[in-house]
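See structure below.
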Amino acid sequence: MRVNGQDIHLGETCTLQAFLLREGYVLDRVAVELDGAIVPKSAFETVVLKECDQLEIVSFVGGG
Amino acid sequence: MRIILNGKPIESSALTAFALRTADEVVILNGFQLAEDRPLCAGDQVVRIRKGIMPGKDELEAMMSARHTPGVHSQMKAGRVAIAGLGGLGSHIAVMLTRMGVGALLLVDFDVVEPSNLNRQHYTLSHLATPKTEALKSQLVEINPFIEIQTQAIKITAENAREVFAGYPIVVEAFDSPTSKADLINALLPTGDTKIVAASGLAGFDSANNIRTRRRFSNLYLVGDLESEAREGMGLMAPRVSVCAGHQANMVIRLLMGLDSE
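Here the protein sequences line up with chains A and R, keeping their order.
When you read off a place in the first sequence, starting at 1, and then add 1383, the result is the number in the working numbering.
When you read off a place in the second sequence, starting at 1, and then add 27, the result is the number in the working numbering.
Rendered as structure tokens:
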């Protein structure tokens, strides 16, 4: 799977939410694009990732 | 030859720029203030300004945009940009877009100006306790009276964001809270073609060179160093906040000029 422009091995099948948590992301601070389309937050738990997916994850830090 | 003089097309017999002015006037030719005389060509944009004199409103707008690169002003005038959050980022971005002459701005913030804002935000003591929407608008109309400014003193949520920003093809994300930032992106990007210019990572006094503009997703531009989070021990201060605001404002200008690369 390609994540933020880098190839990574997904390992066992998992949902987007499980992947994000595994990678240390804070769910309410991220926006995710999967194969060119924004994934609504409500779908994080149901989207199942595949090795051929292209994932872009933006995670925000505070300050403005 | 046909030239544009102080915003109006005229037929001119002058062969050089200085032939159009009196000795006490500044002459700006195609966005550049002249120190020496230059020959004129058809289509040139010339602005002559007499210092110390308040011009009529019909000439003022042309004079105010005289230092823009030619062709930019009309593109700005057609622009509609919303700014979500009027703190250190949003207040400076609004000032810059106002100076650029962006035709319609929507300013959104629920908060009032308080003393801890003054280390980085575009407000003064006289604005304390005033809603940021009002405090900022009052400054912007003094900078450029030729733009339309709408304000909404409300808190943006995942539920109301689409309705509030409807009709604005470019939205600047300038919130403080990381969850508010993510909520705005997640509310606006899935539908429609709104372009968002957002920020992440601008606290502290690490090198300003680490603050960059990156295109992430097809309609999301992200400015910052992506890491420097406002937290205990890491403050938010005017220089880096302003650098980030400058990046965001310039990305907005690029989008309004039809350029979509970072």
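Virtual Cβ for every residue (Gly too), placed ideally from N, Cα, C.
Determine the closest residue to THR221 of chain R out of R:GLY79, R:SER234, R:GLY231, R:TYR195, with distance taken between C-alpha atoms. By alpha-carbon distance to THR221 of chain R, the top candidate from R:GLY79, R:SER234, R:GLY231, R:TYR195 is R:TYR195.
Which stretch, first to last residue, makes up the beta strand (DSSP E) that contains LYS222 of chain R? Per DSSP, the unbroken beta strand (DSSP E) holding LYS222 of chain R starts and ends at 222-226.
To which residues does DSSP link MET284 of chain R through a beta bridge? Beta-bridge pairing links MET284 of chain R to no other residue.
Going by CA-CA distance only, name the one from R:MET264, R:ASP287, R:LEU47, R:SER255 that's closest to PRO66 of chain R. R:LEU47
Supposed contact pair LYS208 of chain R and PHE137 of chain R - C-beta distance, whole angstroms, cut 8 angstroms: No, PHE137 of chain R and LYS208 of chain R are not in contact; Cβ-Cβ is about 15 angstroms, not under 8 angstroms.
For a contact defined as C-beta to C-beta under 7 angstroms, what are the partners of ILE1391 of chain A on chain R? Within chain R, no residue comes near ILE1391 of chain A; the closest Cβ sits about 18 angstroms away, beyond 7 angstroms.
Residue range of the unbroken alpha helix (DSSP H) whose run includes SER118 of chain R: Counting along the chain, the unbroken alpha helix (DSSP H) around SER118 of chain R starts and ends at 115-127.
Residue from R:THR96, R:GLY98, R:VAL129, R:GLY262 with nearest C-alpha to ILE110 of chain R: R:VAL129
Which chain R residues sit within Cβ distance under 9 angstroms of GLU1463 of chain A? Since the displayed chain A opens at 1384 and closes at 1447, residue 1463 of chain A lies outside it and no answer follows.
Return yes when the Cβ of VAL122 of chain R is within less than 8 angstroms of the Cβ of HIS149 of chain R, no when it is not. Their beta carbons are under 8 angstroms apart, which means HIS149 of chain R touches VAL122 of chain R by this criterion.
How many angstroms separate the CA atom of LEU1417 of chain A from the CA atom of ASP252 of chain R? 23 angstroms
Would you call the segment 1422-1438 of chain A in contact with the segment 31-39 of chain R, where contact means no fewer than 3 C-beta pairs closer than 8 angstroms? no
Name, going along the chain, the residues of the segment 96-120 of chain R whose beta-carbon falls closer than 9 angstroms to a beta-carbon of chain A. Within the segment 96-120 of chain R, the residues whose Cβ lies closer than 9 angstroms to some Cβ of chain A are GLY112, GLY114, GLY115, LEU116, GLY117, listed in chain order.
Check this for me: beta carbons of GLU254 of chain R and VAL224 of chain R, under 8 angstroms apart or not? Between GLU254 of chain R and VAL224 of chain R, the C-beta gap is not smaller than 8 angstroms, which leaves the two residues out of contact.
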